[in-house]
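**Student:** Here it is, the structure in full.
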Amino acid sequence: MSTAPQWDVSSMTSAYCNLAKARATQDAVALDLGVAGGGAGSELKPQLLHRIHLAPAAAKRLHEILGRLLGEYAAGR
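See below:
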């Protein structure tokens, strides 16, 4: 029986993000995560906080996880 990996969280940081953008190449999927900024007047200037590059296999796994979590979220509403 396999056990879950023990993550080293000593360098981990957390950030709230309300904006996301993604793009893909043959080699990787890139996620840009940020927050909407309150510019002067009606100007919206997003602040990019993180750019994450994922191997295709990791992107596929993240897709599966997010799909399951969002399904559970929608079912509980």
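Its first residue numbered 42, the sequence shown is counted upward by one per residue in my numbering. C-beta atoms are modelled at their ideal positions from N, C-alpha and C, and glycine is treated no differently. All values derive from a computational prediction rather than experimental measurement.
1. In its own chain, which residues sit with a C-beta less than 6 Å from the C-beta of K62, not counting the 5 before and 5 after it?
2. Between L110, H94, R118, R109, which lies nearest to D68 when the distance is taken from Cα to Cα?
3. Going by Cα to Cα distance, which pick from D49, L90, A116, A99 is closest to Y57?
4. Measure the alpha-carbon distance for R92 versus G75 and round it to whole angstroms.
5. Starting from G75, follow the beta strand (DSSP E) in both directions and report where the run begins and ends.
6. Return helix, strand or coil for K62, following the three-state DSSP convention.
**Tutor:** Put simply:
1. Correct list, in chain order: D73.
2. Measuring from the Cα of D68, the nearest candidate turns out to be H94.
3. Checked all of D49, L90, A116, A99; the closest Cα to Y57 is L90.
4. C-alpha separation (whole angstroms): 9 Å.
5. Bounds of the beta strand (DSSP E) holding G75 are 70-76.
6. Three-state DSSP puts K62 in a strand.
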